[in-house]
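A.B. asks: Heads up: the sequence shown begins at 1 in the UniProt record's numbering, then just goes up one per residue. Don't be surprised by glycine CBs; every beta carbon is placed ideally from N, CA and C. Okay, handing you the structure first.
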Amino acid sequence: MTSFQLREHLMREHRSALAQCKDCPEMTGPVVSGSQVLSPILLIGQAPGDKEGGFGKPFAWTAGKTLFKWFESIGLNETEFRRRVYMAAVCRCFPGKNPKGGDRVPNRQEIENCAKWLQAEMDLLKPELILPVGKLAIAQLMPVKRLNDVVGDIHSVNFYGHRTDAIPLPHPSGASTWHRTEPGMALLESALDKIESHSAWRKVVSSEQ
Numbered sequence: 001m002t003s004f005q006l007r008e009h010l011m012r013e014h015r016s017a018l019a020q021c022k023d024c025p026e027m028t029g030p031v032v033s034g035s036q037v038l039s040p041i042l043l044i045g046q047a048p049g050d051k052e053g054g055f056g057k058p059f060a061w062t063a064g065k066t067l068f069k070w071f072e073s074i075g076l077n078e079t080e081f082r083r084r085v086y087m088a089a090v091c092r093c094f095p096g097k098n099p100k101g102g103d104r105v106p107n108r109q110e111i112e113n114c115a116k117w118l119q120a121e122m123d124l125l126k127p128e129l130i131l132p133v134g135k136l137a138i139a140q141l142m143p144v145k146r147l148n149d150v151v152g153d154i155h156s157v158n159f160y161g162h163r164t165d166a167i168p169l170p171h172p173s174g175a176s177t178w179h180r181t182e183p184g185m186a187l188l189e190s191a192l193d194k195i196e197s198h199s200a201w202r203k204v205v206s207s208e209q
């Protein structure tokens, strides 16, 4: 068995165990994951919404349409992005609705419960580039008080013992105006420019997967 075949085997085992996870009683399954691809890029979302479970893939509803427009503008349409980039999340099940509106933010215990899956994916993928989407995802990698302070730059991070680059992105939610008003628009454009010029992105765009 080659090194690549071993990694593929370990990824299949990981995904099988992940799909059966029921560690968080207040979360609503099923577990939502992207494609089983050994990619040099790891995207980390926050948590699936109420529609993603039915579609069986992350960012399958309105926020996803915005997100994939961003990536299409730098060379990968939705279909190819899903095939070539590993899509994970801070939490993999739907947290439920917030009584005050919107989706409930996962609590600290739920984030800790799901962290082992993210750590396993870091160990398997050893990504050259991480794309954390939204403040909850960004906060797992670096301190963040305001998106203005972190979006638009490349950050060198040590995540679960792996030194790599991270380029944060805002959450593409329609409820957020940050990415549609200044300075958010300019910072988002800067972030996308940096992703497009990153060696891992160029590798993924040119791959024959």
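1. Check for me: the alpha helix (DSSP H) holding Phe68 runs from which residue to which?
2. Would you please state the rounded distance, in angstroms, between the beta carbons of Ala88 and Glu121? I believe it to be under 8 angstroms.
3. Sort out for me which residues DSSP pairs Lys97 with in a bridge.
4. On the three-state DSSP scale, how would you describe Asn158?
5. In angstroms, rounded to a whole number, what distance separates the CA positions of Lys145 and Leu136?
6. Given a threshold of 16 other Cβ atoms within 10 Å of its Cβ, counted over all protein chains shown, does Met185 qualify as buried or as exposed?
7. Can you check DSSP and say which residues form a bridge with Ala88?
8. By the three-class DSSP mapping on this structure, what secondary structure does Asp50 have?
9. Thinking C-alpha only, which one of Gln46, Phe55, Arg84, Cys24 is nearest Arg202?
10. Could you check if Leu6 is buried or exposed, using at least 16 other CB atoms within 10 Å of its CB as the buried criterion?
11. Can you check whether the CB of Asn98 is closer than 7 angstroms to the CB of Arg92?
12. Does the separation of the CB atoms of His179 and Gly134 fall below 7 angstroms?
13. Could you tell me whether the Cβ atoms of Ile138 and Pro95 are closer together than 7 angstroms?
C.D. replies: Quick answer:
1. Residues 62 to 72.
2. With 8 angstroms as the limit, Ala88 and Glu121 qualify as a contact, their Cβ atoms being about 6 angstroms apart.
3. Beta-bridge pairing links Lys97 to Asp103.
4. Note: Asn158 maps to strand in three-state DSSP.
5. About 11 angstroms.
6. Counting Cβ neighbours within 10 Å, Met185 comes out exposed, since fewer than 16 surround it.
7. Answer by DSSP bridge pairing, in chain order: Ile44.
8. Looking at Asp50 - three-state DSSP - the assignment turns out to be coil, as it is neither helix nor strand.
9. The residue with the shortest Cα to Cα distance from Arg202 is Arg84.
10. Around the beta carbon of Leu6, fewer than 16 other beta carbons sit within 10 angstroms, so the residue counts as exposed.
11. Contact: no.
12. Cβ distance not < 7 angstroms, so His179 and Gly134 don't count as in contact.
13. In this structure, Ile138 keeps its C-beta atom at 7 angstroms or more from the C-beta atom of Pro95.
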